[in-house]
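Q:
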Amino acid sequence: FNDHGYSTEEDEHDTYVISTRQSAVLADQVSVRGTKLQYYSSTGQPIYLGLPTITSQEPNTELWLGNKRLGDAHQAGLFGIQSVRLKASGNRTMLRKRLAILPQSFHLELKPSKQANSGFVDLHCERNLFVSIEGEQVSYKQTNIEGGKRIKVIAEGSPPADIILSISANLMADPIKVRVPFPASGALTFDKHGNGLAKRITIDDLLGARIQFFPRVDVAASYYIELKGPMRSRDAS
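In the working numbering, the protein residues as written are -8 to 228.
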């Protein structure tokens, strides 16, 4: 560091100013604002719908996407995991940040099915999307619907708390991995060995049994449990 409390470092594309002055804290100089998806990435990163607005107190700044000026980037090249840089005069890089960006028209909806171990993920977007699902003991099947696609997700046994959607709207960039709750609704019953509990059971079958409830993520839910004995003697046989 020099007498003014900063040093300058350069590489092929950028000039970085490393400063010890309190006024140089980037959080006070640069803001990133935009519409965000209601869910976050698998690493806890916000996901923006469309390119967010990046502003700075520094005059005459310029936004770069990768190694290109924003104006030189193709529209489709905005999406995916992008390295965004905000440059000031003298080629100084004020901000370098990896952002998760999906098309502005993207919409995601979770829908339960009649079974608690399965559900649907509806994706709507004006652009073509390539989607896969990551999750332990989870299978899925995609079908086209109006304005997008529907993914039926099925869990083997008890559903996981959440699943990861790997979404790509730009094959030239890394896909965005979105963490969403498993779209389950209802209840599952298991015996002491972890197997599904039969509908006709004995008192011994209840020992060590457990129930897992899966309320819908968008509405309140209440449950009640009712055990019925055989109505006639032959039903008990």
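Quick reminder that beta carbons are idealized off the backbone N, C-alpha and C, glycines included. All values derive from a computational prediction rather than experimental measurement.
What residues are listed by DSSP as bridge partners for S74?
A: Answer by DSSP bridge pairing, in chain order: R89.
Q: Excluding the five sequence neighbours on either side, which residues of its own chain have a C-beta within less than 8 Å of the C-beta of D196, listed in chain order?
A: D182, L188 and A189, listed in sequence order.
Q: Pick out the complete beta strand (DSSP E) segments inside the stretch 89 to 146, 3 residues or longer, and give them in chain order.
A: Runs found: 98 to 103, 109 to 115, 121 to 125, 129 to 136 and 139 to 146.
Q: Would you identify the three-state DSSP class for L218, choosing helix, strand or coil?
A: Three-state result, L218: coil.
Q: Return the chain-ordered list of same chain residues with a C-beta closer than 6 Å to the C-beta of S22, the five sequence neighbours on each side being excluded.
A: Taken in chain order, the residues that qualify are T46.
Q: If you pair each beta-carbon of the stretch 71 to 90 with each one of the stretch 127 to 140, do three or more pairs fall below 8 Å?
A: No: the two stretches stay apart, fewer than three of their Cβ pairs being nearer than 8 Å.
Q: According to the Cβ coordinates, are L28 and L101 closer than 9 Å?
A: Result no, Cβ atoms of L28 and L101 do not sit closer than 9 Å.
Q: Taking all protein chains shown into account, decide if R76 is buried (16 or more other Cβ within 10 angstroms of its Cβ) or exposed.
A: With 16 or more other Cβ atoms within 10 Å, it is buried.
Q: For L162, count neighbouring C-beta atoms within 10 Å of its own C-beta (all shown protein chains included) and say buried if the count is 16 or more, exposed if not.
A: When all chains shown are included, L162 counts as exposed.
Q: Measuring straight from C-alpha to C-alpha, what distance separates T52 and K88?
A: Answer to the nearest angstrom: the Cα atoms are 15 Å apart.
Q: Between the stretch 142 to 150 and the stretch 54 to 69, can you find at least three pairs of beta-carbon atoms closer than 8 Å?
A: Cβ pair count under 8 Å is below three, so no.
Q: Look at the alpha carbon of Q95 and the alpha carbon of G199, and state the distance between them as a whole number of angstroms.
A: If I take the Cα positions, the gap works out to 49 Å.
Q: Between S109, L99, F204 and N135, which has its C-alpha nearest I38's C-alpha?
A: Checking every option, the nearest Cα to that of I38 belongs to L99.
Q: Using the Cα positions of L179 and S109, report the straight-line distance between them to the nearest angstrom.
A: Cα-Cα distance, rounded: 11 Å.
Q: Considering only the beta carbon of each residue, do I124 and V144 sit closer than 9 Å?
A: Yes, these two residues count as a Cβ contact at 9 Å.
Q: Quick one, which of K105, N135, Q106 and E127 has its alpha-carbon nearest D113's?
A: Per the Cα distances, N135.
Q: Apart from the five residues just before and just after F236, which ones in its own chain have a Cβ nearer than 7 Å to its Cβ?
A: Outside the displayed range of the chain (-8 to 228) lies residue 236, so it cannot be described from this structure.
Q: Name the residue from A175, L218 and K140 whose alpha carbon lies nearest to the alpha carbon of I194.
A: For I194, the nearest C-alpha among the options comes from L218.
Q: Within the same chain, show all residues whose beta-carbon is closer than 7 Å to that of F204, passing over the 5 residues directly before and after it, in chain order.
A: These residues qualify, in order along the chain: A178 and Y214.
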